[in-house]
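In mature numbering (1 follows the signal peptide of the UniProt record, and there is no 0), the protein residues as written are -22 to -1, 1 to 514. The C-beta atom is built at its ideal place from N, Cα and C for all residues, glycine as well. Okay, so here's the structure we're looking at.
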């Protein structure tokens, strides 16, 4: 026996009027509508979850902040409307000022700067650097300005040069010190749940690996021709590549330029997205890297203080220009970009109350990172304590990148009244980091010519707990391993505050007559600020 429940068909047939899924900003106000289409076929319930069209915050993707919790007052509306990561520039001398400083100093400084971010479900992308353009601010050691070598690495800066030219980067002990530093930060950060990815940094202004450069593939940044131990550092590519590969077995590492570190499998941070002067050096070089994006993140920032972006005064102006915004989105799609700055509380010209800015920012957010669409969820309509039952679901990624870590997927039963979890299990052999988006972006059609694959997960589970005979809610969630709490969300209106996606009612030890959950019971994915993770 097979039949279908459809609210829209019901309203059309009996009331003679049409219905809407409601305002995407307020999916909880959709009246008594049931959750999409519910099809019952034999002993199975097949749910087509309602799609959620708005951009929203999800872990380790999207608009990236540069706001520092440990330095700046936390705004009342923190975190960002869309972002879930921020970049942390870390002066070398603050985590190691002398050779004998241990990993404890790295951990202490990290704790100082990142205090409480787990409560906001925010993760960090740290970048250690040495040289920041500006004058050292001695009164505030957390300021970023100046040259930040450890006190026991001597250097002399020649007048008129942009970076230390004698000693410093070219000191005979420098590369051994780099190895030791990277080993320390690896011990501190490789298993720290607060860390999303690592930007290699260290070399050059702002840690952008120019001035001096890693190698000689590209012309010097501040000279006409290359000169060893002046415009570039011989041997540093292998030193850094080997050190970061050894130190970070769990976290993804990103480097500044795709033409460097070709013998290593790193991701990239391109800090000049959209700027014409960087199209060849940045965009085209990264395009040569093929499928690197499938296993390593691509990120960076949109900068408006040089090149053809000098005509803009802010990110707001950049995004307001249709041609520029479309170019950035094309590059995001082509390069499978995961995250971008400067959409930040640290930028006073970024005003989140501007409707035009937020509309354009939402368009970019929906292109960035992953966007998992849950198109179908199937389960047995009645299950029994101690017995096996089947579930399956279909998902596809309409974003630009995968999620880069294999977080666990949980199936759970909830009390239908309190929504409290009464039973759950983690699905074996589900790797969400391999839910890839499409490929070969067609800018005219605004879609990938190789459409994203639909991934189907089928599992036989056992209700290994004695539950009272009753009606429950079956739900799905993706958990942050740091605390095993719901965190990553699907783009569906079937949502309960706290990161849980309810699929339908299910009977335990009894037949039930209704499987669809009224959308008035759902909460808004976008406005949920309760998500968090745990730090030991």
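Query, Result
"Count the CB pairs spanning the region 370 to 382 and the region 272 to 285 that are closer than 8 Å, and state whether there are at least three.", "yes"
"So, under 8 Å CB-CB, residue 497 and residue 471 are touching, yes? Tell me the CB distance rounded to an integer number of Å.", "6 Å"
"So is residue 495 in contact with chain B if we call contact Cβ pairs under 8 Å?", "No chain B appears in this structure, which consists of one protein chain only."
"Have a look at residue 55 and residue 31 and give me their C-alpha separation to the nearest angstrom.", "23 Å"
"Under the DSSP definition of a beta bridge, which residues are partnered with residue 144?", "134"
"Kindly identify the DSSP beta-bridge partner or partners of residue 370.", "356 and 436"
"Could you have a look at residue 455 and say whether DSSP puts it in helix, strand or coil?", "strand"
"Which runs of the alpha helix (DSSP H) at least 4 residues long sit entirely within the region 150 to 180? Give them in chain order.", "152 to 167"
"If you draw a straight line from the C-alpha of residue 23 to the C-alpha of residue 215, how long is it?", "56 Å"
"Say whether the region 204 to 221 touches the region 260 to 267, bearing in mind that this needs 3 or more beta-carbon pairs closer than 8 Å, one atom from each stretch.", "no"
"Please report the residue range of the alpha helix (DSSP H) in which residue 304 lies.", "300 to 313"
"With distance defined between alpha-carbon atoms, name the residue in 101, 488 and 369 nearest to residue 229.", "101"
"Grouping DSSP H, G and I as helix and E and B as strand, with all else coil, what is residue 202?", "coil"
"In chain order, what residues of the same chain lie with their CB nearer than 6 Å to the CB of residue 225, ignoring the 5 residues before and after it?", "160, 161 and 164"
"Tell me whether residue 249 is buried or exposed, calling it buried when 16 or more other Cβ atoms sit within 10 Å of its Cβ.", "buried"
"Just verifying my parser: in three-state terms, what is the DSSP assignment at residue 392?", "strand"
"Leaving out five residues before and five after residue 94 in sequence, what residues of the same chain have Cβ atoms less than 7 Å from its Cβ?", "47"
"With a CB to CB cut of under 7 Å and the five nearest residues on each side skipped, what residues in its chain are close to residue 127?", "70, 71, 108, 133 and 146"
"Just how far apart, CA to CA, sit residue 461 and residue 271?", "28 Å"
"Using the three-state DSSP reduction, which class does residue 290 fall into: helix, strand or coil?", "coil"
"Could you please give the first and the last residue of the uninterrupted alpha helix (DSSP H) stretch that includes residue 217?", "214 to 225"
"Tell me whether the region 351 to 359 and the region 404 to 412 touch, counting them as touching only if at least three CB pairs, one residue from each stretch, are closer than 8 Å.", "no"
"At what residues does the alpha helix (DSSP H) containing residue 338 begin and finish?", "333 to 345"
"Out of 74, 377 and 337, state which residue places its alpha-carbon closest to the alpha-carbon of residue 59.", "337"
"So residue 488 and residue 440 are in contact, right, with Cβ under 8 Å, and what is the actual spacing, rounded?", "With a Cβ gap of about 19 Å, residue 488 and residue 440 do not count as contacting."
"May I ask you to verify whether the region 359 to 374 touches the region 290 to 304, counting CB pairs closer than 8 Å and requiring at least 3?", "no"
"Starting from residue 237 and walking both ways along the beta strand (DSSP E), at which residues does that stretch end?", "Note, residue 237: premise wrong, no beta strand (DSSP E); not H, not E."
"Three-state secondary structure (DSSP) at residue 514?", "coil"
"By DSSP's criteria, residue 122 is part of a beta bridge. Which residues make up the other side?", "DSSP lists no partner for residue 122."
"How about residue 287 and residue 252: are their beta carbons less than 8 Å apart?", "yes"
"Indicate whether residue 268 and residue 242 have their beta-carbon atoms separated by less than 8 Å.", "no"
"Taking all protein chains shown into account, decide if residue 119 is buried (16 or more other Cβ within 10 angstroms of its Cβ) or exposed.", "exposed"
"What is the rounded straight-line gap between the Cα of residue 325 and the Cα of residue 455?", "34 Å"
"On the DSSP bridge assignment, give the partners of residue 66 in chain order.", "104"
"Buried or exposed: where does residue 65 fall if 16 or more other Cβ atoms within 10 Å of its Cβ makes it buried?", "buried"
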